[in-house]
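Here is the structure we will look at, set down as structure tokens.
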Amino acid sequence: MTTEKLTTMGLDEEKQASESRAPSIVTSSTANGTDAPEIREEGANKDQEKGASEAEKPIEYPKGLEMFFIMLALVLSITLCSLDQTIVATAVPKITDQFGRLQDISWYGSAYFLTLGAFQSLWGKIYKFFPLKISFLVSLLIFELGSLISAVARNSTTVIVGRSIAGLGASGIAPGVYTIPAFIAEPEKRATYTGFIGLSYGIAAVAGPLIGGGLTDGASWRWCFYINLPIGGLAVLVILLTFKTPAGVKVVDATLKEKLLQMDFIGTALVMGASLSLLLALQYGGVTHAWNSSVVIGLLVGFVLMVTALIGVEFWLGERAMLTPRLIRQRTVWVNAVWGFFFAGSYFITLYYLPIYFQSIDNQSPIGSGVRNIPLIALFSVATFASGKAITKTGTAAPYLVVSSVIVTIASGLFYTLDIGTSTGKWVGYQILAGFGYGIGLQVPIVISQAFAAPSDMAPVTSIIIFARTLGGTFLITAAQSGFINQIIHKLSSTAPTIDPASVTETGATTLRQNFSGAELDGILHAYAWGIKVAFAITIAACGITVITSLFTKWTNIHVKKQSS
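Start counting the sequence shown at 1; every next residue gets the next number (full-length UniProt numbering).
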């Protein structure tokens with residue numbers, strides 16, 4: 001390349017930089033559907049002045065042991081995020097045993113998912129406007145703090161607070177894990193490294209319930225949180241010692257005030273406020289307060305008002321909003337977001353209430369419950385891998401939305417039939433069907449929405465889909481918990497009329513047989529069985545909505561779309 005051409009390129013770059021009004025984040029698709037934001041400096045005059053000379057310098061990538069240790073830290077970090085989503089499922093009954101707070105079951109999962117979803121978009125901007133290494137380390141330390149708080153908790157509320165703090169940290173770890181390989185790996189090798197990260201994510205998700213059951217049974221439920229401390233501590237140490245921020249990573253040259261103005265704090269606060277209002281209304285309704293009480297009605301009204309305010313704020317902020325209105329109006333975005341909300345919500349209900357069934361109705365230990373969950377998790381992992389390969393090869397994605405929706409609707413109906421004395425063959429078969437259905441569909445909305453998104457819209461589109469999935473898990477788990485508790489209270493009046501419902505709801509799921517016996521125990525178990533049926537009835541309704549929603553998706557071959565683009 002001649003000096004004249006280089007000079008021309010340099011002038012073109014300076015011209016483009018001067019015409020840019022705002023920085024952008026370019027993302028690379030990852031194995032588990034999360035996009036890695038690639039931080040680009042546009043509009044920063046100081047860096048653009050040196051652009052031509054830096055372009056001539058060869059990029060130095062980490063090699064050998066240095067690359068190994070960096071990837072080790074990233075794998076450990078994503079393992080923390082994935083493990084924490086499922087490890088608690090089999091430990092929840094034991095936590096309720098110790099604190100006698102059966103009504104808090106949903107919060108042990110919802111608190112984590114609530115902050116995990118609400119702050120994801122905010123962390124994407126943090127990685128753009130603040131130093132990459134420092135931001136990533138801060139997210140890890142926040143996650144570790146939350147895990148420690150839950151591990152040493154002396155009451156249920158403290159466990160929930162710790163879970164919410166851990167979710168805040170995890171919402172920063174995930175995008176960071178997929179950002180770093182975009183800068184430390186040669187372009188032709190990036191897919192390999194992100195593949196390792198995606199594989200680690202999948203293995204951790206599969207192993208979570210089993211590990212949680214083993215730790216709870218062999219030591220204490222607290223070790224489900226203590227285990228994060230050495231893993232996260234090692235990741236922090238390795239990043240500190242081995243990771244050097246690549247030369248290509250430059251934060252936007254702006255004042256702190258200007259950077260903070262780019263963060264959609266108002267939108268994030270409204271999402272948190274609206275979510276908490278709805279979750280509290282669902283938790284209180286019919287349990288501690290009547291559904292027509294001023295407290296419950298006030299919370300529901302607050303939820304509606306904050307959602308209305310959120311819509312107004314996001315339209316006002318436009319391109320700076322966490323939920324960009326221009327993108328939400330696109331069919332490939334809103335269809336897949338709605339579908340993902342209900343599909344992910346039904347999946348997490350299943351993941352949380354099967355252990356409740358096994359440990360309360362079938363009197364299984366936590367590790368025994370974890371083992372019984374293997375058919376669901378294993379088939380989910382296999383189906384996820386198989387559908388991903390098939391979509392990559394054929395370019396056909398839309399049918400997987402329809403097929404998976406139908407399969408999980410049927411599976412949810414079968415789960416509804418679970419009762420006292422259900423045979424092993426049935427619950428194994430039901431899980432195989434459900435695992436296959438959830439596996440082939442859960443990642444498809446991200447694949448479709450990314451295929452039809454412009455390169456500059458890849459990050460916000462992916463964030464919207466993940467945001468919807470996370471909130472779906474949060475809201476539907478809480479709705480299932482509300483139905484579960486209300487149904488138990490209702491059924492006890494006929495199955496065990498001499499029992500005070502409060503004594504049952506304040507007793508852990510695995511200690512029912514230590515606190516009750518004879519006809520009383522039989523009546524309580526029947527009430528429990530009906531409560532679990534209500535939880536699975538919600539999954540039937542949610543999956544039914546996904547069947548209808550899937551019919552509105554685009555059926556264009558994604559390979560054809562990419563070629564035309």
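Backbone N, C-alpha and C fix where the C-beta goes; we use that ideal spot for every residue, glycine too.
This one's a predicted model, so the numbers in the text were calculated from it and none came from an experiment.
C-beta atoms of residue i and residue j nearer than 9 Å
i              : j              : result
isoleucine 197 : proline 181    : yes
threonine 510  : lysine 94      : yes
valine 371     : leucine 210    : yes
tyrosine 347   : tyrosine 416   : no
serine 449     : valine 333     : yes
glycine 395    : asparagine 557 : yes
isoleucine 420 : leucine 376    : no
valine 287     : glutamine 85   : no
Local conformation of residue i per DSSP, three classes
i                 : result
glycine 518       : helix
glycine 508       : coil
glycine 544       : helix
threonine 30      : Below a pLDDT of 50, predicted positions are generally treated as unreliable, and threonine 30, at 38, falls in that range; no measurement from the model is reported.
valine 233        : Strictly speaking, residue 233 in this sequence is glycine, with valine absent from that position. Helix at glycine 233.
serine 275        : helix
glycine 285       : strand
isoleucine 558    : helix
threonine 324     : coil
lysine 63         : coil
tryptophan 530    : helix
aspartate 362     : coil
proline 497       : coil
phenylalanine 183 : helix
threonine 2       : In this prediction, threonine 2 scores a pLDDT of 43, lower than 50, which makes its location untrustworthy; the coordinate-derived value is nonetheless stated afterwards. It is coil, neither helix nor strand.
tryptophan 291    : coil
glutamine 262     : coil
aspartate 217     : helix
glutamate 56      : Interpretation of glutamate 56 is limited by its pLDDT of 47, a score under 50 that renders its predicted location unreliable; the figure taken from the coordinates is listed afterwards. DSSP places glutamate 56 in coil when its eight states are reduced to three.
serine 423        : coil
valine 75         : helix
alanine 89        : coil
arginine 513      : helix
arginine 154      : coil
Selected residue, minimal CA-CA separation from residue i, among the options
i             : options                        : result
leucine 83    : Tyr108, Ile160, Ala397, Asn228 : Asn228
tyrosine 178  : Phe136, Phe315, Thr158, Ser147 : Phe136
tyrosine 201  : Trp339, Ile548, Leu76          : Leu76
serine 503    : Asp97, Ala281, Thr115          : Asp97
alanine 73    : Ala235, Thr288, Thr90, Arg331  : Ala235
proline 445   : Thr157, Ile477, Ala479, Leu551 : Leu551
alanine 111   : Gly473, Ala386, Phe516         : Gly473
residue 621   : Val547, Ala170, Val238, Ile410 : It is not possible to answer for residue 621, since the shown part of the chain is limited to 1 through 565.
aspartate 217 : Thr288, Trp339, Ile87          : Ile87
methionine 67 : Ile231, Leu241, Ala398         : Leu241
leucine 256   : Pro399, Phe130, Ser121         : Phe130
alanine 542   : Ile485, Ile477, His289         : Ile477
Local Cβ density within 10 Å of residue i, reported as buried at 16 or more and exposed below that
i                 : result
tryptophan 221    : buried
threonine 498     : exposed
isoleucine 258    : Here residue 258 is glutamate; the residue named in the question, isoleucine, does not match the sequence. It counts as exposed.
threonine 308     : exposed
asparagine 155    : exposed
aspartate 500     : exposed
glycine 64        : exposed
phenylalanine 265 : exposed
glutamate 319     : exposed
glycine 531       : buried
threonine 384     : buried
serine 423        : exposed
isoleucine 545    : buried
glutamate 38      : Low confidence applies to glutamate 38: its pLDDT is 41, below 50, so where it sits in the model is not reliable, and the reading given next is rough at best. When all chains shown are included, glutamate 38 counts as buried.
leucine 80        : buried
serine 294        : exposed
alanine 344       : buried
valine 338        : buried
Residue i, enclosing alpha helix (DSSP H) - first and last residue
i                 : result
threonine 553     : Careful: threonine 553 lies outside any alpha helix (DSSP H) and carries neither H nor E.
leucine 381       : Residue identity differs from the one stated: residue 381 is serine in this sequence, not leucine. From DSSP, the alpha helix (DSSP H) with serine 381 extends over 374-394.
phenylalanine 129 : 120-129
serine 294        : 294-317
arginine 331      : 331-356
aspartate 97      : 92-99
residue 615       : Residue 615 falls outside the range modelled here, since the chain spans only 1 to 565, and no answer is possible.
glycine 146       : 132-151
glycine 413       : 398-416
phenylalanine 452 : Here phenylalanine 452 belongs to no alpha helix (DSSP H), and DSSP marks it neither H nor E.
phenylalanine 225 : 223-226
Cβ-heavy atom distance, residue i to the ligand GTP, below 8 Å
i           : result
leucine 278 : No copy of the ligand GTP appears in this structure; indeed no ligand is present at all.
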